[in-house]
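Chemist:
Structural data, given as structure tokens:
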């Protein structure tokens, strides 16, 4: 079996690397845009406006309560057919990740001591000024490591997008499996590739986290 | 002049302030003493509307800033708070900013003071409290006493007419209490209106024009330091003072 695994890697590595590239790109796009959406949703949830708060809470609850695979299918079918499969998968993943990132950001902001907002307001700063100058810079330290972990999660979750054969790492397995009939071995090969990607990223996040602690 | 009239405040089912009324004249130094949980700090936060009272009214320099009829806009509230400095028990210095930026942030942001002027003013204040050499350090390198001195001059940089101190020495190591009290004494000597919530009875006796004793959300007794400390009338005041003096 080990020989088969090695053979698959040797024979299909261009396909596997291309798949890894697409997986990495999809993850990166998801995390970047997911962070933007997450930021907006988090600020909506923390605002005093009941309508904005309600919309944001509803969004987070629904997204977290529905399986990602279903979200992918619903969005893929709901979008016009001119939208490419990759873009459709990306949109679904961004909407999904945004909800989780929103909760990370909200937690990070709420973890900043209330006294900081009190002090800023007592000096006559507006809520917005206090948020931008005092609260958010401190919240970033709580948020960044968790966002990194979200990136790791997203890498794994993009595998569900292979439902649409978008050429990602999981899609490569489907080709390899069909061509070689070595299903177990091909699954193990992509598992190794996923693990290599997530493990490397986790380690990088660890380094970043320690750097942030040093500057504390 | 600050006037609080029949201020009530509850947190959930816990009524923290019950019809608290107090008039503070310009230039007056008022100490508020009392057991923990008596509503002293909440009352102080109601004076600059960091906490909104549930009912009652607050006026500042003859202008009503809070009542059942008057709701100021956020912008007006921000402008009002610029005139009242506040110092907190846990310092609440901004850890993401250097010492000098802690001081200049609000003057630059809210008063549109030029950066040069704000820095010049900040150095004058740093000199008064002996922190000039810490100007470009971050607060994490400061001792508790230094942090509190920074918090005081951060408030003074806004040139407020009134200063509120919320247990300014309660979180300090004993050997740092004196240096902070010295700075507060300086503030008192500048002739500002000052309200101090404190457990430092000797300090309250020394600097105050008037002492207020609060218990269970009410003002139980008020008078000159002599009246309150040497000749208290109410049993609860006597009981409290017998425990702390």
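Residue numbers (our numbering), protein chains in the order written: chain Z, 13 to 228; chain P, 2 to 246.
Here a beta-carbon is modelled for each residue, glycine too, at the ideal position from N, C-alpha and C.
Every value quoted in this text rests on a predicted model; they were computed, and no experiment measured them.
1) Per DSSP, what kind of secondary structure is residue 38 of chain Z in: helix, strand or coil?
2) Relative to chain P, which residues along the segment 38-52 of chain Z have a C-beta separation below 9 Å, given in chain order?
3) Whose Cβ in chain P lies nearer than 7 Å to the Cβ of residue 64 of chain Z?
4) Please report the distance separating the alpha-carbon of residue 113 of chain Z from that of residue 155 of chain Z.
5) Please name the residues in the segment 110-144 of chain Z whose beta-carbon is closer than 8 Å to at least one beta-carbon of chain P, in chain order.
6) Rounded to whole angstroms, what is the Cα-Cα separation between residue 166 of chain P and residue 85 of chain P?
7) Hey, could you find the ends of the alpha helix (DSSP H) residue 254 of chain Z is sitting in?
8) Could you tell me how far apart the beta carbons of residue 206 of chain Z and residue 181 of chain Z are, in whole angstroms, since I believe they sit closer than 8 Å?
9) Quick check: the Cα distance between residue 65 of chain P and residue 77 of chain P, rounded to an integer number of angstroms?
10) Starting from the C-beta of residue 72 of chain Z, find all residues in its chain whose C-beta is less than 8 Å away, skip the five residues before and the five after it, and write them out in chain order.
11) Could you work out which residue in P:118, P:210, P:156 and P:126 is closest to residue 131 of chain Z when comparing CA atoms only?
12) Would you say residue 133 of chain Z touches the ligand SAM, meaning its beta carbon is less than 6 Å from a heavy atom?
13) How would you list, in chain order, the residues of chain Z whose beta-carbon sits under 9 Å from the beta-carbon of residue 187 of chain P?
14) Following the continuous beta strand (DSSP E) through residue 64 of chain P, name the residue where it begins and the one where it ends.
15) Among the candidates Z:197, Z:128 and Z:147, whose CA atom is the shortest distance from the CA of residue 121 of chain Z?
16) Kindly provide the ranges of any beta strand (DSSP E) runs that are 3 or more residues long and lie completely inside the segment 75-141 of chain P, ordered along the chain.
17) Starting from the C-beta of residue 213 of chain P, find all residues in its chain whose C-beta is less than 6 Å away, skip the five residues before and the five after it, and write them out in chain order.
18) At what residues does the alpha helix (DSSP H) containing residue 229 of chain Z begin and finish?
19) Tell me the rounded alpha-carbon separation between residue 97 of chain P and residue 149 of chain Z.
20) By the 7 Å beta-carbon criterion, what residues does the segment 90-118 of chain P contribute toward chain Z?
21) Check the C-beta distance from residue 67 of chain P over to residue 53 of chain P and give it rounded, since I have them as a contact under 8 Å.
22) Who are the neighbours of residue 157 of chain Z on chain P, taking C-beta pairs under 7 Å?
23) Could you tell me whether any Cβ in chain Z is nearer than 7 Å to the Cβ of residue 51 of chain P?
24) Counting only C-beta atoms, is residue 82 of chain P closer than 7 Å to chain Z at any point?
25) Closer than 6 Å by C-beta to residue 8 of chain P: which residues in its own chain qualify, once you throw out the five before and the five after it? Chain order, please.
26) To the nearest angstrom, how far is the alpha carbon of residue 72 of chain P from that of residue 145 of chain Z?
27) List the residues of chain P that residue 150 of chain Z touches, going by C-beta distances under 7 Å, in chain order.
28) Which residues does DSSP pair with residue 5 of chain P in a beta bridge?
29) Write down the C-beta distance between residue 16 of chain Z and residue 197 of chain Z rounded to the nearest angstrom, noting that I regard them as a contact closer than 8 Å.
30) For residue 79 of chain Z, count the other beta carbons within 10 Å of its own beta carbon; 16 or more makes it buried, fewer makes it exposed. Which is it?
Modeler: Once the coordinates are examined:
1) helix
2) none
3) Neighbours of residue 64 of chain Z on chain P: none; closest Cβ ~16 Å, over 7 Å.
4) 9 Å
5) 125, 127, 128, 130, 131, 132, 133, 134, 135, 136, 137, 138, 139 and 141
6) 11 Å
7) In the structure as shown, chain Z starts at 13 and stops at 228, and residue 254 of chain Z therefore has no counterpart that could be examined.
8) 6 Å
9) 12 Å
10) 53, 57, 111, 114 and 115
11) P:156
12) Judged by which ligands are present, the structure shown has none, so any question about the ligand SAM falls away.
13) Those do not exist, as residue 187 of chain P stays about 20 Å from chain Z at its closest Cβ, beyond 9 Å.
14) 64-67
15) Z:147
16) 85-88
17) 33, 220 and 223
18) A question about residue 229 of chain Z goes unanswered here, because the residues of chain Z that appear run from 13 up to 228.
19) 7 Å
20) 91, 93, 95, 96, 97, 106, 107, 110 and 111
21) 7 Å
22) What residue 157 of chain Z touches in chain P: nothing, since even the nearest Cβ is about 17 Å away.
23) yes
24) yes
25) 18, 21, 47, 54 and 57
26) 27 Å
27) 96 and 97
28) P:23 and P:59
29) 4 Å
30) exposed
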